[in-house]
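In what follows, a structure is listed as structure tokens, so that the remarks can point back to it.
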Amino acid sequence: MDIKRVDEIIDKYNAEEGALIQILLQLQSENHWLPKEVLARVSERLNVPMSRIQHITTFYKAFSLVPKGRHQVRVCMGTACHVRGAPRVLDRLEDIVGIRPGETDMDLKFSLETVNCLGCCALGPVVEVDGKTYGRVSPSQVDVVINQYE
Amino acid sequence: MKEITLQIDGKEIRARDGMTVLEAASKVGIQIPTLCYHEALEPYGGCRLCTVEVEERGRTNLVASCLYPVAEGLIVRTRTPKVDKLRKTILELLLAHAPDSPILEEYAKEYGAKKDRFEKHPSFCILCGLCVRYCAEVKKANALSFISRGTSREINFIPEISSKVCWDCKECFPLCPTSYLQAAYVLTQGLYSQEPPFEVKGLKGVTAC
Numbered sequence: 001m002d003i004k005r006v007d008e009i010i011d012k013y014n015a016e017e018g019a020l021i022q023i024l025l026q027l028q029s030e031n032h033w034l035p036k037e038v039l040a041r042v043s044e045r046l047n048v049p050m051s052r053i054q055h056i057t058t059f060y061k062a063f064s065l066v067p068k069g070r071h072q073v074r075v076c077m078g079t080a081c082h083v084r085g086a087p088r089v090l091d092r093l094e095d096i097v098g099i100r101p102g103e104t105d106m107d108l109k110f111s112l113e114t115v116n117c118l119g120c121c122a123l124g125p126v127v128e129v130d131g132k133t134y135g136r137v138s139p140s141q142v143d144v145v146i147n148q149y150e
Numbered sequence: 151m152k153e154i155t156l157q158i159d160g161k162e163i164r165a166r167d168g169m170t171v172l173e174a175a176s177k178v179g180i181q182i183p184t185l186c187y188h189e190a191l192e193p194y195g196g197c198r199l200c201t202v203e204v205e206e207r208g209r210t211n212l213v214a215s216c217l218y219p220v221a222e223g224l225i226v227r228t229r230t231p232k233v234d235k236l237r238k239t240i241l242e243l244l245l246a247h248a249p250d251s252p253i254l255e256e257y258a259k260e261y262g263a264k265k266d267r268f269e270k271h272p273s274f275c276i277l278c279g280l281c282v283r284y285c286a287e288v289k290k291a292n293a294l295s296f297i298s299r300g301t302s303r304e305i306n307f308i309p310e311i312s313s314k315v316c317w318d319c320k321e322c323f324p325l326c327p328t329s330y331l332q333a334a335y336v337l338t339q340g341l342y343s344q345e346p347p348f349e350v351k352g353l354k355g356v357t358a359c
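Read top to bottom, the protein sequences are chains V and U. The numbers in the working numbering rise by one with no breaks, and the one at position 145 of the first sequence is 145. Just remember that the working numbering sits 150 ahead of the position in the second sequence, which is counted from 1.
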């Protein structure tokens with residue numbers, strides 16, 4: 001991530017110590033993960049010790065300290081989705097993307113993750129890509145969903 | 151400064167406004183067991199071992215005495231069956247993490263806590279936060295921090311900082327109730343530093359793994 005862009009985001013919040021989490025969230029959403037250099041810059045500009053940044057970024061699940069793909073794929077494994085065949089959808093997804101849940105592929109295209117409920121059980125099995133929800137996904141439809149993304 | 155009168159274990163005690171129950175008790179020599187308390191640091195309320203029973207307006211409540219402010223007419227009991235049972239359970243849970251910690255063993259003897267009540271999770275760290283807080287509040291070096299949360303929470307030295315400041319300080323080492331801190335330091339050092347390995351003296355509670 002460009003250090004200039006990092007500075008821009010920090011300046012937007014006037015380099016305020018209290019805006020630490022907001023700044024980190026924006027960095028996370030633009031870059032998909034938080035590299036060490038970026039955190040070091042934030043620590044320096046905001047005058048916040050690295051120890052606290054480490055504490056916060058490892059505490060909240062919204063932050064990632066390892067590279068993430070451009071597209072976040074979430075497969076619901078909740079009870080309703082599970083009985084409607086979510087495990088088979090997940091299997092098919094793993095085959096296409098070539099990664100297991102919690103992993104990111106080599107060209108940083110997809111990150112795969114399982115979640116326990118997305119709140120729309122009537123649509124199960126549910127797959128969510130970058131916040132867009134796909135309902136009643138059958139294993140054969142997974143290809144169509146995934147191929148839309150570059 | 152306003153003077154306050156309260157009762158601890160049946161004794162009338164005068165304390166300053168803004169003091170905690172723990173401070174008021176230790177001033178008159180009433181011992182309350184603690185693990186995460188240190189007079190130079192902000193109260194933390196992490197170990198809950200200093201839990202006491204307070205009675206205010208006829209109601210009793212269990213509170214952490216290191217955080218609870220004194221109040222006029224407060225009645226505090228530091229050794230009731232309820233408190234003892236609570237402390238025993240806390241100790242047993244902590245002993246699952248650090249079975250050989252000298253201070254835990256001492257308290258365990260006093261409260262009859264058994265080492266093997268809970269399944270062992272030998273992390274050797276009881277997350278009292280003394281080292282983290284001492285480094286941040288007293289030394290202002292911020293060389294170590296907590297990472298992660300819940301059951302996977304642990305302390306972590308930041309190699310870039312600790313390789314510069316820890317070598318000459320190590321003031322947090324004697325604070326640690328379990329010696330885990332020293333082990334974590336040695337491990338970090340192995341990762342980062344070119345210095346000769348640090349000699350570990352009197353390291354109790356950590357076995358080679």
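Beta carbons: idealized from backbone N, C-alpha and C, even for Gly.
> Which of the three DSSP states, helix, strand or coil, is assigned to residue 167 of chain U?
Replying inline: Residue 167 of chain U: coil per DSSP, three-state reduction.
> By a C-beta neighbour count over all protein chains shown, 10 Å radius and 16 as the cutoff for buried, is residue 140 of chain V buried or exposed?
Replying inline: Classification of residue 140 of chain V: exposed, given that the 10 Å Cβ count is below 16.
> Which residues of chain V have a Cβ atom closer than 7 Å to the Cβ of residue 283 of chain U, listed in chain order?
Replying inline: Those do not exist, as residue 283 of chain U stays about 11 Å from chain V at its closest Cβ, beyond 7 Å.
>> Nearest by alpha-carbon distance to residue 235 of chain U: which of U:212, U:223 and U:250 is it?
In response: Residue U:212 is the option with its Cα nearest to residue 235 of chain U.
> Given a limit of 8 Å on CB to CB distance, which residues of the stretch 21-51 of chain V reach chain U?
Replying inline: Listed in sequence order: 49, 50 and 51.
>> Just to confirm, is the Cβ distance from residue 196 of chain U to residue 278 of chain U under 8 Å?
In response: Going by C-beta atoms, residue 196 of chain U is nearer than 8 Å to residue 278 of chain U.
> Where do the N-terminal and C-terminal ends of the beta strand (DSSP E) with residue 209 of chain U fall, by residue?
Replying inline: DSSP places residue 209 of chain U inside the beta strand (DSSP E), whose first and last residues are 209-214.
> In chain V, which residues lie with their C-beta within 7 Å of the C-beta of residue 297 of chain U?
Replying inline: For residue 297 of chain U, the residues of chain V that pass the 7 Å Cβ criterion are 54, 55 and 58, in the order they occur in the chain.
> Exposed or buried, residue 276 of chain U, counting other C-beta atoms within 10 Å across all chains shown (16 or more means buried)?
Replying inline: The residue is buried, with at least 16 neighbouring Cβ atoms inside 10 Å.
>> Considering just the uninterrupted stretch of the alpha helix (DSSP H) at residue 281 of chain U, what are its terminal residues?
In response: Annotation for residue 281 of chain U: the continuous alpha helix (DSSP H) segment containing it runs 280-283.
> In chain V, which residues lie with their C-beta within 8 Å of the C-beta of residue 294 of chain U?
Replying inline: Correct list: 51.
> Where does residue 176 of chain U sit, in a helix, a strand or coil, going by DSSP?
Replying inline: Residue 176 of chain U: helix per DSSP, three-state reduction.
> Of all the options U:179, U:158, U:161 and U:188, which has the alpha carbon lying nearest to the alpha carbon of residue 326 of chain U?
Replying inline: Measuring from the Cα of residue 326 of chain U, the nearest candidate turns out to be U:188.
>> Buried or exposed for residue 247 of chain U, going by 16 or more other Cβ atoms inside 10 Å?
In response: The residue in question, residue 247 of chain U, is buried, as its Cβ has 16 or more Cβ neighbours within 10 Å.
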